[in-house]
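Asker: Residues 2 to 142, numbered by our numbering, are exactly what the sequence shown covers, in order.
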Amino acid sequence: MSSSSTTIKVTLKISSFILRLLLNIIFYILVIVFVIYGSRTAFNFTYRLYGPVSMESKPGRTIPIQINKGESTMDIASKLELNRVIVDKYSFYLKTKLQNKVIMPGTYRVNSSMTYDEILDIITDYSNSEVQDIIIDEETD
């Protein structure tokens, strides 16, 4: 009887050890996968933020973008991403905020081969707008 009890205890200890070992291996594999995925995501986002990123190679596609007065930077970034002018609206939004750029309302022609900096240079300069408000001075008698 005691031999059977001892055998069961040894078997349980070995099974417990193997189970703990497998769970530890699975845990560390998951940690490594998450670290690799997080590092890759952080690198890609940072590269889009500071690197010369464009959607397509030259010559690209020229697209008219209308920016309305009062439109938020995130709305504009979403519009650019939807029209496949930029790769990621979040990195474009953050780049705009970090550079303290003020986007001007108007209609602009941007190209999908432009970098974020080139696009920002165009949409922050009202003189690049295709449609500009005409101000007429009226004299009243």
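Where is the CB? At the ideal position from N, CA and C, for every residue including glycine.
Quick one, are the C-beta atoms of I104 and I87 less than 8 Å apart?
Answerer: Result no, Cβ atoms of I104 and I87 do not sit closer than 8 Å.
Asker: With DSSP as the reference, please indicate the residues paired to R110 in a beta bridge.
Answerer: Bridge partners of R110: P65.
Asker: Is DSSP giving M75 helix, strand or coil here?
Answerer: In the structure shown, M75 sits in a helix (DSSP, three-state: H, G or I).
Asker: Round the Cβ separation of L121 and T97 to the nearest angstrom and send it over; I've been treating them as touching at under 8 Å.
Answerer: With a Cβ gap of about 6 Å, L121 and T97 count as contacting.
Asker: Here's a check: name, in chain order, each residue in its chain whose Cβ is nearer than 7 Å to the Cβ of P60, leaving out the five neighbours to either side.
Answerer: Here the set comprises S114.
Asker: Please identify the residue among T116, P106, Y117 whose C-alpha is closest to the C-alpha of S128.
Answerer: Among T116, P106, Y117, the Cα nearest to that of S128 belongs to P106.
Asker: Provide the residue span of the alpha helix (DSSP H) that contains S92, from first to last.
Answerer: Residues 90-99.
Asker: Within this structure, are the beta carbons of S79 and K70 separated by less than 8 Å?
Answerer: No; because the gap between Cβ atoms is not below 8 Å, this pair is not in contact.
Asker: Alpha carbon to alpha carbon, what distance is there between G39 and T108?
Answerer: Answer to the nearest angstrom: the Cα atoms are 38 Å apart.
Asker: Rounding to the nearest angstrom, what Cα-Cα distance links A43 and I27 in this structure?
Answerer: Looking at the two C-alpha atoms, the distance is approximately 24 Å.
Asker: Could you check which residue in Y51, P65, R49, S4 has the C-alpha nearest to that of N84?
Answerer: Closest option to N84, Cα to Cα, is P65.
Asker: Drop a sphere of 10 angstroms on the beta-carbon of I9, count the other beta-carbons inside from all chains shown, and report buried for 16 or more, exposed for fewer.
Answerer: By the 10 Å Cβ count, I9 comes out exposed.
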